[in-house]
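Each remark here refers to the structure printed beneath this line.
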Amino acid sequence: MKLNDLLNANDALKTLTGKRFTSYKKARLLVKLRKAVETEIEFYTEEERKAIKTYAELNEKGNPVFLPDGRLRLKGEQAKTAFESEIAKLRDSDIDGIETVTLSENDFISSDELPTPEEMLLLESLVEFTD
């Protein structure tokens, strides 16, 4: 699994861990999964912050400067290329040690708790949904 998969699944995983389950064991497995994902995302955030400090223009307080459209103002074309490359490599990092969780419809306390198809797509690298 890639770091990018975790970044994409994070919000859906937070939603999923807020659901009610028929088994404490399943809920606990999801909490462990969420903690593992959050640890990897914290790592990504720190590495991204380092790249921003390296390649972005900084104001007098040392904070990154943003363009009117919300994008970072980078130091130049070489900085832009290097920043994009570094972030792409980081997002493409292989992640190991995260175990997927298997869930079925019966694991949810009611049908109201079932994830949406969109959430299921986002979670497919972390959660195996079975019939």
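The numbers in the working numbering rise by one with no breaks, and the one at position 75 of the sequence shown is 84.
Even glycine gets a Cβ: it sits at the ideal position worked out from N, Cα and C.
Please report how far the alpha carbon of residue i lies from the alpha carbon of residue j, in whole angstroms.
{"i": "T109", "j": "S94", "result": "29 Å"}
{"i": "E114", "j": "D121", "result": "11 Å"}
{"i": "A88", "j": "N19", "result": "29 Å"}
{"i": "K98", "j": "L12", "result": "10 Å"}
{"i": "Y33", "j": "L130", "result": "24 Å"}
{"i": "I107", "j": "D14", "result": "12 Å"}
{"i": "K28", "j": "R100", "result": "28 Å"}
{"i": "N72", "j": "D116", "result": "46 Å"}
{"i": "G79", "j": "D140", "result": "43 Å"}
{"i": "T63", "j": "P77", "result": "21 Å"}
{"i": "F138", "j": "A36", "result": "15 Å"}
{"i": "F30", "j": "I118", "result": "5 Å"}
Using 8 Å for Cβ pairs, my map puts residue i next to residue j. What's the rounded Cβ distance?
{"i": "E55", "j": "I96", "result": "The pair is not a contact, with the Cβ atoms about 13 Å apart (cut-off 8 Å)."}
{"i": "L81", "j": "I61", "result": "7 Å"}
{"i": "E128", "j": "L38", "result": "Rounded, the Cβ-Cβ distance is 17 Å, inconsistent with contact."}
{"i": "L67", "j": "V46", "result": "The Cβ separation is near 30 Å, so there is no contact."}
Relative to the C-alpha of residue i, which candidate in the options has its C-alpha closest?
{"i": "L16", "options": "S134, D116, G85 and D140", "result": "S134"}
{"i": "E86", "options": "A65, K44 and P124", "result": "A65"}
{"i": "A91", "options": "L131, K59 and D140", "result": "K59"}
{"i": "F52", "options": "S102, D78 and F30", "result": "S102"}
In the DSSP assignment, find the beta strand (DSSP E) that holds residue i and state where it starts and stops.
{"i": "T31", "result": "Where T31 is concerned, there is no enclosing beta strand (DSSP E), given that its DSSP letter is neither H nor E."}
{"i": "E137", "result": "V136 to T139"}
So is residue i in contact with chain D if we call contact Cβ pairs under 8 Å?
{"i": "S32", "result": "The displayed structure is made up of one protein chain only, and chain D is not part of it."}
task = Starting from the N-terminal side, write out each stretch of the alpha helix (DSSP H) that is 4 residues or longer and does not extend beyond the region 57-131.
result = 86-100
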